[in-house]
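Q: Residue numbers (the numbering used here), protein chains in the order written: chain L, 497 to 866; chain U, 497 to 866.
There are 2 protein chains.
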Amino acid sequence: MNRALLPLSRGNEVVVRAIEESDLLSAMCRIIVEVGYRMAWVGVPQQDTARTVTPVAWAGEVGQYLEKAHISWADEPRGHGPAGRAVRSGEPQICQDFSTDPSMAPWIEDAKKHRIASSAVLPLKNESSVFSILSIYSADTNAFDADELNLLRELASVLSFGIRALRDHSEREAFETRWRTSLEATVGAIAATVEKRDPYTAGHQHRVAKLAVAIARELQLSENAIQGIYLASLIHDVGKIVVPTDVLNKPGRLSELEFQLIKTHVQAGYEIVKNVAFPWPIGEIVLQHHERLDGSGYPRGLRSEAILVEAKIMAVADVVDAMMSRRPYRAALGLDAALEEIANGSGKLYHPSAVASCISLFRQKGFHFD
Amino acid sequence: MNRALLPLSRGNEVVVRAIEESDLLSAMCRIIVEVGYRMAWVGVPQQDTARTVTPVAWAGEVGQYLEKAHISWADEPRGHGPAGRAVRSGEPQICQDFSTDPSMAPWIEDAKKHRIASSAVLPLKNESSVFSILSIYSADTNAFDADELNLLRELASVLSFGIRALRDHSEREAFETRWRTSLEATVGAIAATVEKRDPYTAGHQHRVAKLAVAIARELQLSENAIQGIYLASLIHDVGKIVVPTDVLNKPGRLSELEFQLIKTHVQAGYEIVKNVAFPWPIGEIVLQHHERLDGSGYPRGLRSEAILVEAKIMAVADVVDAMMSRRPYRAALGLDAALEEIANGSGKLYHPSAVASCISLFRQKGFHFD
Numbered sequence: 497m498n499r500a501l502l503p504l505s506r507g508n509e510v511v512v513r514a515i516e517e518s519d520l521l522s523a524m525c526r527i528i529v530e531v532g533y534r535m536a537w538v539g540v541p542q543q544d545t546a547r548t549v550t551p552v553a554w555a556g557e558v559g560q561y562l563e564k565a566h567i568s569w570a571d572e573p574r575g576h577g578p579a580g581r582a583v584r585s586g587e588p589q590i591c592q593d594f595s596t597d598p599s600m601a602p603w604i605e606d607a608k609k610h611r612i613a614s615s616a617v618l619p620l621k622n623e624s625s626v627f628s629i630l631s632i633y634s635a636d637t638n639a640f641d642a643d644e645l646n647l648l649r650e651l652a653s654v655l656s657f658g659i660r661a662l663r664d665h666s667e668r669e670a671f672e673t674r675w676r677t678s679l680e681a682t683v684g685a686i687a688a689t690v691e692k693r694d695p696y697t698a699g700h701q702h703r704v705a706k707l708a709v710a711i712a713r714e715l716q717l718s719e720n721a722i723q724g725i726y727l728a729s730l731i732h733d734v735g736k737i738v739v740p741t742d743v744l745n746k747p748g749r750l751s752e753l754e755f756q757l758i759k760t761h762v763q764a765g766y767e768i769v770k771n772v773a774f775p776w777p778i779g780e781i782v783l784q785h786h787e788r789l790d791g792s793g794y795p796r797g798l799r800s801e802a803i804l805v806e807a808k809i810m811a812v813a814d815v816v817d818a819m820m821s822r823r824p825y826r827a828a829l830g831l832d833a834a835l836e837e838i839a840n841g842s843g844k845l846y847h848p849s850a851v852a853s854c855i856s857l858f859r860q861k862g863f864h865f866d
Numbered sequence: 497m498n499r500a501l502l503p504l505s506r507g508n509e510v511v512v513r514a515i516e517e518s519d520l521l522s523a524m525c526r527i528i529v530e531v532g533y534r535m536a537w538v539g540v541p542q543q544d545t546a547r548t549v550t551p552v553a554w555a556g557e558v559g560q561y562l563e564k565a566h567i568s569w570a571d572e573p574r575g576h577g578p579a580g581r582a583v584r585s586g587e588p589q590i591c592q593d594f595s596t597d598p599s600m601a602p603w604i605e606d607a608k609k610h611r612i613a614s615s616a617v618l619p620l621k622n623e624s625s626v627f628s629i630l631s632i633y634s635a636d637t638n639a640f641d642a643d644e645l646n647l648l649r650e651l652a653s654v655l656s657f658g659i660r661a662l663r664d665h666s667e668r669e670a671f672e673t674r675w676r677t678s679l680e681a682t683v684g685a686i687a688a689t690v691e692k693r694d695p696y697t698a699g700h701q702h703r704v705a706k707l708a709v710a711i712a713r714e715l716q717l718s719e720n721a722i723q724g725i726y727l728a729s730l731i732h733d734v735g736k737i738v739v740p741t742d743v744l745n746k747p748g749r750l751s752e753l754e755f756q757l758i759k760t761h762v763q764a765g766y767e768i769v770k771n772v773a774f775p776w777p778i779g780e781i782v783l784q785h786h787e788r789l790d791g792s793g794y795p796r797g798l799r800s801e802a803i804l805v806e807a808k809i810m811a812v813a814d815v816v817d818a819m820m821s822r823r824p825y826r827a828a829l830g831l832d833a834a835l836e837e838i839a840n841g842s843g844k845l846y847h848p849s850a851v852a853s854c855i856s857l858f859r860q861k862g863f864h865f866d
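Quick look at the structure:
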């Protein structure tokens, strides 16, 4: 019983526990050698013009046999042995007696020297190709009867599955990282587009991001929500691209029409980012950052319960930085005036906990813009 | 031998071949019942407040037992049975005789009715949690000796690995898709930012994209390279954001200084997109699209061999669309003039095969802008 069950059971165990592909391959070769074979190795068929089959793991009395074997899967004598045929056909190749197999000619002398008499080569496949071969040598001729071959096929199948699973796992992580990185880079690129045209807005967006994140952290929002607030803040005024520079930078008081024009920036910002499938409601936050609790904000006059907490936090940070900054039409109003504004509007215009956190950040916790 | 080997071997087979998680779970339950158990089922511990353990697959004489069992992992009588304990502890729970186990009180009557006398519940785990349980019932008391339990543990381990592998595989695909989609959406968002400010550039970018892709296809570039040309074309003039509208739209002849200002758009475009890790050289293509074969282009005066083929193709499409369009400082010059320009510059300024393909597209193949 052990002869058949133990290798399979141990094969499963190494596959289930594997973390590194190379360790998995070596462990599987060792299991096969422990079954009673002379040696086992795994080779990777290279896609370059030489078409060599490169050994990447092995176990048993490999000696210098493998080193000298120069196995290939090209159309040449060393590519017509069992390994080359397994790569090209995708089917197992059994050679029960090297001494009577003409395709073994390139290796027969070395095989005798290393007491190898027969072999089974099993392709390891994914949906589209043979990505490796598992090659098993016996000291005996006719070593591979039907039961034996079934066991080896099953080990190869489990190994092949394990390799694919390890690769899927690491590619899953890599693609998730690439996706998240690309979303951050997207925000960076959009912010850079604005920055090129309007350095004031760029600096403002970075300061709002810093303050909004600090407030969100005080309010103990999740790290994921904080990341959303950070990215939304970095581009919250991107829609100002639609407002003519003359109006944006007008030194005097804005006409009603000019103010209407400025107000369009939240909708324009929403439209710029709405088609990026962020895992945070970036577009909504941008759209809502001028809404006020009592419904007096724009563009939709939403009331408190309809406004995202992220937008409420950003509104506070936005007002504070805007008041602390010099604008074309006025001097900077200073920290005291900014904090007085949000304190006066707390509960009416601005989210009370965000206001309280913001004041505490500046007054007690040493928060400052760089 | 079969009693131990066959289930394991069949378990491996269903895991290796599985495409859908639900099919895999059902198949594994059937294998366990075929070993000789009365029934087997897989349950998912829900994370909501009710903390039920929801059956998702089963096999054997399940009858109405499962339906009435209402198993949970909450702190209540139905959460203190073997299943609830397995979820909370992450360890297998064996109950060799229901009739002597007080924790089985909620189920004992129904268990008798369905001739169930003992059970083994095996947790299916990933790195961080128990995502399912595998529950196995026997008609006999003391059905689970050490060998039997080893077999079941191994089946559970293989099943658990198979589920994780299936999930990794589908998440790998999902994240790759999300990543690719987000890159396209990034280009869309950058293009939208420009479009909001400058509708002429937006239309121009779309037309250049259409023509450049058609030329690239004629030249038999890979689909991947064509995708890169498409996306680069859609934002190739994004750097014009740095050029004041007054200069961009100046009706008269540009001064040397104004022309220098316009030329900065390629570098500005490069800087906007350079931090997005596109799998195509989008930034380089944007940077090079005003280079000319003889080194007379800008910004770096590169010669033919140093210019990306994508940029050479885009240069041809860009010149043709610019000449065919009305500009603030001149009327549209028309198709004939545009094709004459690239024909005259072929080999000196413009990539000869791209020129030939472009002319053939318009003259023989009915290409037109919408």
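Beta carbons are placed, not taken as given, at the ideal position from N, Cα and C, and that holds for glycine. Remember, predicted model here, so these are calculated numbers, not experimental data.
From the beta carbon of phenylalanine 627 of chain L, is the nearest beta carbon of chain U less than 8 angstroms away?
A: No, its Cβ sits nowhere closer than 8 angstroms to a Cβ of chain U.
Q: For aspartate 742 of chain L, count neighbouring Cβ atoms within 10 angstroms of its own Cβ and tell me buried if that reaches 16, exposed if not.
A: By the 10 Å Cβ count, aspartate 742 of chain L comes out exposed.
Q: Just how far apart, CA to CA, sit alanine 670 of chain L and serine 842 of chain U?
A: Each residue's Cα considered, the two are about 44 angstroms apart.
Q: So, at 8 angstroms on beta carbons, what are the nonlocal neighbours of alanine 852 of chain U in its own chain, with the 5 sequence-adjacent residues on each side left out?
A: Within the same chain, alanine 852 of chain U has close Cβ partners Ser842.
Q: Name the chain L residues whose beta carbon is nearer than 9 angstroms to that of arginine 649 of chain U?
A: Within chain L, no residue comes near arginine 649 of chain U; the closest Cβ sits about 11 angstroms away, beyond 9 angstroms.
Q: Using CA atoms only, rank isn't needed, just tell me which of L:Val738, L:Asn771, L:Phe774 is closest to lysine 759 of chain L.
A: Ranking L:Val738, L:Asn771, L:Phe774 by Cα distance to lysine 759 of chain L puts L:Val738 first.
Q: Are the Cβ atoms of alanine 579 of chain U and isoleucine 567 of chain U separated by less than 8 angstroms?
A: Yes. Within cutoff.
Q: Quick check: what's the CA-CA separation for glutamate 680 of chain L versus alanine 635 of chain L?
A: Taking the straight line joining both Cα atoms gives about 59 angstroms.
Q: Assign isoleucine 725 of chain L to one of three DSSP states: helix, strand, or coil.
A: Residue state, collapsed to three classes: helix.
Q: Compare the C-beta of isoleucine 515 of chain L against all C-beta atoms of chain U and say whether one is closer than 8 angstroms.
A: It does not; no Cβ of chain U falls within 8 angstroms.
Q: Counting contacts by CB-CB distance shorter than 8 angstroms, is arginine 668 of chain L in contact with chain U?
A: True, the Cβ-Cβ gap to chain U drops below 8 angstroms.
Q: Hey, does asparagine 638 of chain L have any beta-carbon neighbour from chain U nearer than 8 angstroms?
A: Not closer than 8 angstroms to any Cβ of chain U, the Cβ of asparagine 638 of chain L fails to qualify, so no.
Q: Please identify the residue among U:Val549, U:Glu530, U:Leu831 whose C-alpha is closest to the C-alpha of leucine 502 of chain U.
A: Nearest of U:Val549, U:Glu530, U:Leu831 to leucine 502 of chain U, Cα basis: U:Glu530.
Q: Just to check my reading of the structure: histidine 700 of chain L and aspartate 832 of chain L have Cβ atoms closer than 8 angstroms, yes? What is that Cβ distance to the nearest angstrom?
A: The pair is not a contact, with the Cβ atoms about 20 angstroms apart (cut-off 8 angstroms).
Q: Closest to arginine 749 of chain L by C-alpha separation, out of L:Ala813, L:Tyr825, L:Trp603, would be which residue?
A: With distances taken between Cα atoms, arginine 749 of chain L lies closest to L:Tyr825.
Q: Could you list which residues in chain U have their beta carbon closer than 8 angstroms to that of leucine 504 of chain L, in chain order?
A: By Cβ distance, chain U contributes Leu501, Leu504, Ser505, Asn508.
Q: Measure the beta-carbon distance from isoleucine 778 of chain L to isoleucine 711 of chain L and round it to whole angstroms, keeping in mind my assumption that it falls under 8 angstroms.
A: That pair is no contact at about 18 angstroms.
Q: Taking phenylalanine 755 of chain U as the reference, give the member of U:Ala570, U:Pro795, U:His702, U:Glu509 with the closest Cα.
A: Nearest option by C-alpha distance: U:Pro795.
Q: Is it true that the CB of serine 518 of chain U sits closer than 8 angstroms to the CB of alanine 555 of chain U?
A: Going by C-beta atoms, alanine 555 of chain U is not nearer than 8 angstroms to serine 518 of chain U.
Q: In the region 721-787 of chain L, which residue ranges form an unbroken alpha helix (DSSP H) of at least 4 residues, counting only runs that do not cross its ends?
A: Correct list: 741-744, 752-769, 778-784.
Q: Closer than 8 angstroms, CB to CB, is asparagine 771 of chain U near chain L or not?
A: Yes, its Cβ sits closer than 8 angstroms to a Cβ of chain L.
Q: Of all Cβ atoms in chain L, is any one closer than 8 angstroms to the Cβ of glycine 575 of chain U?
A: Not one chain L Cβ lies under 8 angstroms of glycine 575 of chain U.
Q: Looking at the secondary structure, which residues open and close the alpha helix (DSSP H) in which phenylalanine 627 of chain U lies?
A: Not the alpha helix (DSSP H): phenylalanine 627 of chain U falls in the beta strand (DSSP E), residues 626-634.
Q: For tyrosine 825 of chain U, which residues does DSSP report across the bridge?
A: Tyrosine 825 of chain U pairs with nothing; no bridge assigned.
Q: Roughly how many angstroms separate the alpha carbons of phenylalanine 594 of chain L and isoleucine 781 of chain U, rounded to a whole number?
A: Between phenylalanine 594 of chain L and isoleucine 781 of chain U, the C-alpha separation is close to 57 angstroms.
Q: For threonine 677 of chain U, return the contacting residues in chain L, with the cut-off set at a CB-CB distance below 8 angstroms.
A: Within 8 angstroms Cβ-Cβ: Ala773.
Q: Buried or exposed for histidine 610 of chain L, going by 16 or more other Cβ atoms inside 10 Å?
A: Per the 10 Å Cβ criterion, buried.
Q: Roughly how many angstroms separate the alpha carbons of valine 812 of chain U and arginine 649 of chain L, rounded to a whole number?
A: So the alpha carbons of these two residues sit roughly 57 angstroms apart.
Q: Measure the C-alpha to C-alpha separation of tyrosine 766 of chain L and glutamate 667 of chain U and round it to an integer number of angstroms.
A: The straight-line gap from Cα to Cα measures roughly 29 angstroms.
Q: Tell whether a beta-carbon distance below 8 angstroms holds between serine 615 of chain U and tyrosine 633 of chain U.
A: Yes; because the gap between Cβ atoms is below 8 angstroms, this pair is in contact.
Q: Candidates L:Val538, L:Glu516, L:Gln860: which alpha carbon is nearest arginine 526 of chain L's?
A: With distances taken between Cα atoms, arginine 526 of chain L lies closest to L:Val538.
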